[in-house]
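Listed in order, the protein sequences are those of chains B and U. Position 265 (the first sequence) corresponds to 265 in UniProt numbering; numbering is contiguous. Position 214 (the second sequence) corresponds to 214 in UniProt numbering; numbering is contiguous. Let me begin by presenting the structure, written as structure tokens, before commenting on it.
There are 2 protein chains.
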Amino acid sequence: MFSKEEYDIRMNNTKQKMLQYGVEGLIISNPSNMYYLTGYDAWSFYVNQVVLVFIDMDEPIWIGRQMDASGAMMTTWMKESSIRFYPDNYVQSTIRHPMDYVAEVLVECGQDDKKIGVEMDSFYYTAMCHERLQIGLPNAELKDTGNLVSWVRVLKSDTEISYMKNAAQIVEKAMQAAYDTVNIGVRENEVAAAITHAQIYGSDDFGGDYTSMVPMLPAGKMTASPHITWSDRRYIEGDILTLEIAGCYKRYHTPLARTMILGKAPGHVQEVADVINEGINETLYHMTPGTTAEEVNEVWTRTIGKHGYVKNARIGYSIGLSYPPDWGEHTISFRGGDHTMLQPNMTFHLMPGLWFDNFGVSITESVHITEDGAETFASFDRKLFEKTVE
Amino acid sequence: MFSKEEYDIRMNNTKQKMLQYGVEGLIISNPSNMYYLTGYDAWSFYVNQVVLVFIDMDEPIWIGRQMDASGAMMTTWMKESSIRFYPDNYVQSTIRHPMDYVAEVLVECGQDDKKIGVEMDSFYYTAMCHERLQIGLPNAELKDTGNLVSWVRVLKSDTEISYMKNAAQIVEKAMQAAYDTVNIGVRENEVAAAITHAQIYGSDDFGGDYTSMVPMLPAGKMTASPHITWSDRRYIEGDILTLEIAGCYKRYHTPLARTMILGKAPGHVQEVADVINEGINETLYHMTPGTTAEEVNEVWTRTIGKHGYVKNARIGYSIGLSYPPDWGEHTISFRGGDHTMLQPNMTFHLMPGLWFDNFGVSITESVHITEDGAETFASFDRKLFEKTVE
Numbered sequence: 001m002f003s004k005e006e007y008d009i010r011m012n013n014t015k016q017k018m019l020q021y022g023v024e025g026l027i028i029s030n031p032s033n034m035y036y037l038t039g040y041d042a043w044s045f046y047v048n049q050v051v052l053v054f055i056d057m058d059e060p061i062w063i064g065r066q067m068d069a070s071g072a073m074m075t076t077w078m079k080e081s082s083i084r085f086y087p088d089n090y091v092q093s094t095i096r097h098p099m100d101y102v103a104e105v106l107v108e109c110g111q112d113d114k115k116i117g118v119e120m121d122s123f124y125y126t127a128m129c130h131e132r133l134q135i136g137l138p139n140a141e142l143k144d145t146g147n148l149v150s151w152v153r154v155l156k157s158d159t160e161i162s163y164m165k166n167a168a169q170i171v172e173k174a175m176q177a178a179y180d181t182v183n184i185g186v187r188e189n190e191v192a193a194a195i196t197h198a199q200i201y202g203s204d205d206f207g208g209d210y211t212s213m214v215p216m217l218p219a220g221k222m223t224a225s226p227h228i229t230w231s232d233r234r235y236i237e238g239d240i241l242t243l244e245i246a247g248c249y250k251r252y253h254t255p256l257a258r259t260m261i262l263g264k265a266p267g268h269v270q271e272v273a274d275v276i277n278e279g280i281n282e283t284l285y286h287m288t289p290g291t292t293a294e295e296v297n298e299v300w301t302r303t304i305g306k307h308g309y310v311k312n313a314r315i316g317y318s319i320g321l322s323y324p325p326d327w328g329e330h331t332i333s334f335r336g337g338d339h340t341m342l343q344p345n346m347t348f349h350l351m352p353g354l355w356f357d358n359f360g361v362s363i364t365e366s367v368h369i370t371e372d373g374a375e376t377f378a379s380f381d382r383k384l385f386e387k388t389v390e
Numbered sequence: 001m002f003s004k005e006e007y008d009i010r011m012n013n014t015k016q017k018m019l020q021y022g023v024e025g026l027i028i029s030n031p032s033n034m035y036y037l038t039g040y041d042a043w044s045f046y047v048n049q050v051v052l053v054f055i056d057m058d059e060p061i062w063i064g065r066q067m068d069a070s071g072a073m074m075t076t077w078m079k080e081s082s083i084r085f086y087p088d089n090y091v092q093s094t095i096r097h098p099m100d101y102v103a104e105v106l107v108e109c110g111q112d113d114k115k116i117g118v119e120m121d122s123f124y125y126t127a128m129c130h131e132r133l134q135i136g137l138p139n140a141e142l143k144d145t146g147n148l149v150s151w152v153r154v155l156k157s158d159t160e161i162s163y164m165k166n167a168a169q170i171v172e173k174a175m176q177a178a179y180d181t182v183n184i185g186v187r188e189n190e191v192a193a194a195i196t197h198a199q200i201y202g203s204d205d206f207g208g209d210y211t212s213m214v215p216m217l218p219a220g221k222m223t224a225s226p227h228i229t230w231s232d233r234r235y236i237e238g239d240i241l242t243l244e245i246a247g248c249y250k251r252y253h254t255p256l257a258r259t260m261i262l263g264k265a266p267g268h269v270q271e272v273a274d275v276i277n278e279g280i281n282e283t284l285y286h287m288t289p290g291t292t293a294e295e296v297n298e299v300w301t302r303t304i305g306k307h308g309y310v311k312n313a314r315i316g317y318s319i320g321l322s323y324p325p326d327w328g329e330h331t332i333s334f335r336g337g338d339h340t341m342l343q344p345n346m347t348f349h350l351m352p353g354l355w356f357d358n359f360g361v362s363i364t365e366s367v368h369i370t371e372d373g374a375e376t377f378a379s380f381d382r383k384l385f386e387k388t389v390e
């Protein structure tokens, strides 16, 4: 839980942005945005739930399933009357839909004839959710406000930064656990188990939360595809592994990727790692307030281009709090066309992996933009890890 | 990977159902349905990806992000030309949308003037996905076919049942790990870490996969709300915990919940546990082929009603393979109005938790409907676990 003052600032910033976007209300389905504004935290986003924000209402309204309402009362800062719930026979029903109930609440609050922003491309705001709201709110003007609240989240408070620093301590431990566990004859799932244990155990000072993506640790030729998770295959000599994992503290994430080899790194893999590391160093140096996201990508492109390499995917994105299935904020991306200017207390996953037909190398950093530059959250050797067999 | 014969049967059953629903094609976004038909398995569903099935095409077409296409080639049974991908500048862009690309592929295949089913209320089929398809496919008739493929999945093959039996062995180990770890002074996250390690380590014979929901282990008054995850609070004497977890083997789940108390169970908690157990025994006895889902719920309602208890939520649902955020199939629910008849090789999570204002008790079973009755997948004492402090 954050302080009431911090929630007030978040609400105020959200309302400011609503005025800019020209809406009087918001229907928020993205669980990260719900948590950000209210503090609500539970694994209940597999059923429909929303937070309503209106310019002329002091508190948001939380709406969810009946059995989750007591959790909302316990984890949010709002008064009990701001927690509303629909009966269980709305859940996965072919007759009723939870958004019918949401529409009824809006009518009851006299907010059904307003300009209301919806998160058209947000996880958990399905096509059916939108259709039912359109039917239930014939007098409203539903307008796509995209990731409005996510854009408010882009600038972190000092408390949020401190959470991410805790998360970074956790990801260091998790990456070390992976290195300590991986070996010839060990099964991939055993490394995943060691990572996950370290992520959730956290440190002796604070516990870890679940990460919004599970460990991704493709091995061998599977490293050509970065989002493969794991199997129970046993590692063999010469296997290359890319490990993309995160630490998470109270839903705040710091991802980190490293590449490990069971044996000596072949020359062509070492070369790619060296190019990536040069690119990271150069890019980090240029990640100063005032630089644009596009310019960050240009530094990277120029640096690896000198060695004849090209990357045809964005090299990073804004991070912070999140819920599955993604730890990205879906706001700023380091790529051509993104003219967002870096500012102090923005936070990014600098993700310059390079993937080829039958292997890949991932080395990444979570980065905090400070007053005069960039610092990595985690402190973990940025090298190709060779594990030689005993 | 399943046998080609099993994929052929799945495709054929899907096409039969498409004929019943009156569609010539399907655009599938639900990752569980994608995996079921193609074998594609990666944590990449946080970007748009679909599988297309058309009555007049032998193979499905997989469409995803460029960097995930090599994973699709490695994990699916289809030929390389059935794997299509969109460039990275479609990802989380405000200019392009991956569904624009999907529409282009449909045009290219001459399938854009057909009756095409979409999963209107499926995770990851956002309102924006639907809007862009409507714009990109002006000659198609997009029709909500709901959980069409999920309904095909309701009847399990023997191989699927064997996967769920592996998952059950895993959940037994994970629940035991929870019991062994929990104690006064231990932090909640340490129990979650032990559970997760056991889930992913699996057994010495086979490894575990990640579960579609993380462990939910509210304690104390938080047990009134079943989907709370964990914090780093230390357990105190008298704490009651409800643990709802699953085992997962190659994406197939068997959930299980138990309730534990740090000390002697208070009389009112023991009474609730006894009522639930009587209800489970009676309900399991009546879960025979030919019984309807509604009748299963009636047996439960009658049994606990004799003791003055009422439950105002469904008491179970169909389970099998799944991806986050849910391990339910969103098909059959044990509740009034669901007239689906039980058949051999259907599988359910019998979930009769009872939640009150300041505590709850969860004791559940994953159940396999056999030729003449029901058997639980896991074998784990169905009692209130008291952990007395040393």
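For every residue, glycine included, the Cβ atom is placed at its ideal position computed from N, Cα and C.
Which bits of chain B does U:Glu190 rub up against, with CB to CB less than 7 Å?
Residues of chain B with a Cβ closer than 7 Å to the Cβ of U:Glu190 are, in chain order, Tyr201.
Could you check which residue in U:Ile363, U:Lys114 and U:Lys250 has the C-alpha nearest to that of U:Thr159?
Taking only the C-alpha atoms, the option nearest U:Thr159 is U:Lys250.
Return the chain-ordered list of same chain residues with a C-beta closer than 6 Å to the C-beta of B:Glu172, the five sequence neighbours on each side being excluded.
So the list reads Ala378 and Phe380, once near-sequence residues are dropped.
Environment of U:Pro226 [buried if 16+ CB atoms lie within 10 Å]
Of the other Cβ atoms in all chains shown, 16 or more fall within 10 Å of the Cβ of U:Pro226; this residue is therefore buried.
Quick check: the Cα distance between U:Gln66 and B:Gln176, rounded to an integer number of angstroms?
Taking the CA atoms as reference points, U:Gln66 sits about 30 Å from B:Gln176.
CA nearest to the CA of B:Asp239, picked from B:Arg132, B:Phe385, B:Leu142 and B:Arg302:
Answer by Cα proximity: B:Phe385.
Quick check on the burial criterion: 16 or more other C-beta atoms within 10 angstroms. Buried or exposed for B:Gly25?
Burial of B:Gly25 is indicated by the presence of at least 16 other C-beta atoms within 10 angstroms of its C-beta.
From U:Val361 to U:Lys311, what distance separates their C-alpha atoms?
C-alpha of U:Val361 to C-alpha of U:Lys311: approximately 12 Å in a straight line.
Would you mind sorting B:Asn12 into buried or exposed? The rule is 16 or more other CB atoms within 10 Å of its CB.
Result: exposed.
Please tell me whether U:Met18 has its Cβ less than 9 Å away from any Cβ of chain B.
With 9 Å as the cut-off, U:Met18 does not count as an interface residue toward chain B.
Could you tell me which whole alpha helix (DSSP H) segments of length 4 or greater appear in the segment 344 to 371 of chain U?
Listed in chain order, there is nothing to give.
Terminal residues of the alpha helix (DSSP H) in which B:Asp144 lies:
Going by DSSP, B:Asp144 is part of no alpha helix (DSSP H) but of the beta strand (DSSP E) stretching over Glu141 to Asp144.
Taking the beta carbon of B:Gly290 as the centre, do at least 16 other beta carbons fall within 10 Å, making it buried, or is it exposed?
If you draw a 10 Å sphere on the C-beta of B:Gly290, you find fewer than 16 other C-beta atoms in it, and that means exposed.
Could you please give me the residues that DSSP links to U:Ala374 through a beta bridge?
Answer by DSSP bridge pairing, in chain order: U:Ile369.
I need the boundaries of the beta strand (DSSP E) containing B:Met260, first residue and last residue.
Per DSSP, B:Met260 belongs to the beta strand (DSSP E) from Tyr252 to Ile261.
Whether U:Ile63 touches U:Arg84 by CB criterion (9 Å):
Yes, they are a contact pair.
From B:Glu329 to B:Pro352, what does the alpha carbon distance come to, in whole angstroms?
Rounded to whole angstroms, B:Glu329 and B:Pro352 show a C-alpha spacing of 17 Å.
Residues in the same chain with beta-carbon distance under 7 Å from B:Ala192, minus the five sequence neighbours each way, listed in chain order, please.
Take B:Ala192, set aside five residues on each side of it, and the residues of its chain with a beta-carbon closer than 7 Å to its own are Pro215, Leu217 and Trp230, in chain order.
According to DSSP, is B:Met128 part of a helix, a strand, or is it coil?
It is helical.
Sorted by chain position, which residues of the same chain lie with C-beta nearer than 6 Å to U:Glu59's C-beta, five sequence neighbours on each side aside?
Exclusion of the five residues before and after U:Glu59 leaves Met78 and Ser82 as the residues of its chain whose Cβ lies within less than 6 Å of its Cβ.
Applying the criterion that 16 or more other CB atoms from any shown protein chain within 10 Å of the CB defines a buried residue, is U:Glu365 buried or exposed?
Buried: at least 16 other Cβ atoms inside 10 Å.
Taking Cβ positions, are U:Met34 and U:Val47 nearer each other than 9 Å?
Result no, Cβ atoms of U:Met34 and U:Val47 do not sit closer than 9 Å.
Chain-order list of residues whose beta-carbon lies under 6 Å from that of U:Gly373 (same chain, five-residue window excluded):
For U:Gly373, the CB contacts under 6 Å within the same chain, skipping 5 residues up- and downstream, are Thr288 in chain order.
Could you tell me which chain B residues have their CB closer than 9 Å to the CB of U:His253, listed as they occur along the chain?
Here the premise fails: no neighbours, minimum Cβ distance about 13 Å.
Are the beta-carbon atoms belonging to B:Gly185 and B:His253 less than 9 Å from one another?
No, the Cβ-Cβ distance between B:Gly185 and B:His253 is not below 9 Å.
So with CB distances below 9 Å, who are the chain B contacts of U:Asp180?
Within 9 Å Cβ-Cβ: nothing; U:Asp180 doesn't reach chain B, min ~14 Å.
Kindly say whether U:Gly320, judged by its beta-carbon, lies nearer than 9 Å to any beta-carbon of chain B.
Judged by the 9 Å Cβ criterion, U:Gly320 is not in contact with chain B.
On the three-state DSSP scale, how would you describe B:Trp62?
Of the three classes helix, strand and coil, the one that applies to B:Trp62 here is strand, per DSSP.
Contacts that B:Ile228 makes with chain U (C-beta to C-beta distance below 7 Å)
Against B:Ile228, the close residues of chain U are Ala42 and Gly71, in the order they occur along the chain (beta-carbon pairs closer than 7 Å).
Tell me which same chain residues have a C-beta within less than 8 Å of the C-beta of U:Val152, skipping the five on either side of it?
Taken in chain order, the residues that qualify are Arg10, Asn13, Thr14, Lys17 and Tyr36.
Anyone know if the C-beta pair for B:Arg335 and B:Ile315 falls short of 9 Å?
Going by C-beta atoms, B:Arg335 is nearer than 9 Å to B:Ile315.
Rounded Cβ spacing between B:Tyr323 and B:Phe54 (contact assumed at less than 8 Å)
For a cut-off of 8 Å, the C-beta gap from B:Tyr323 to B:Phe54 is around 24 Å, too long to register as a contact.
Between which residues of its own chain and U:Tyr7 is the CB-CB distance below 6 Å, once the five residues before and five after are set aside?
The residues are Trp77.
Going along the chain, which residues of its own chain have a beta-carbon closer than 8 Å to the beta-carbon of B:Val182, five neighbours each way excluded?
Cβ within range, chain order: Val191, Tyr235, Leu241, Met260, Leu262 and Lys387.
Is it right to say B:Ile200 is buried, meaning 16 or more other beta carbons lie within 10 angstroms of its own, or is it exposed?
That one is buried.
What does the Cβ neighbour count give for residue 392 of chain B, buried or exposed, with the cut at 16 atoms within 10 Å?
Absent from the structure is residue 392 of chain B, since the part of chain B shown begins at 1 and ends at 390.
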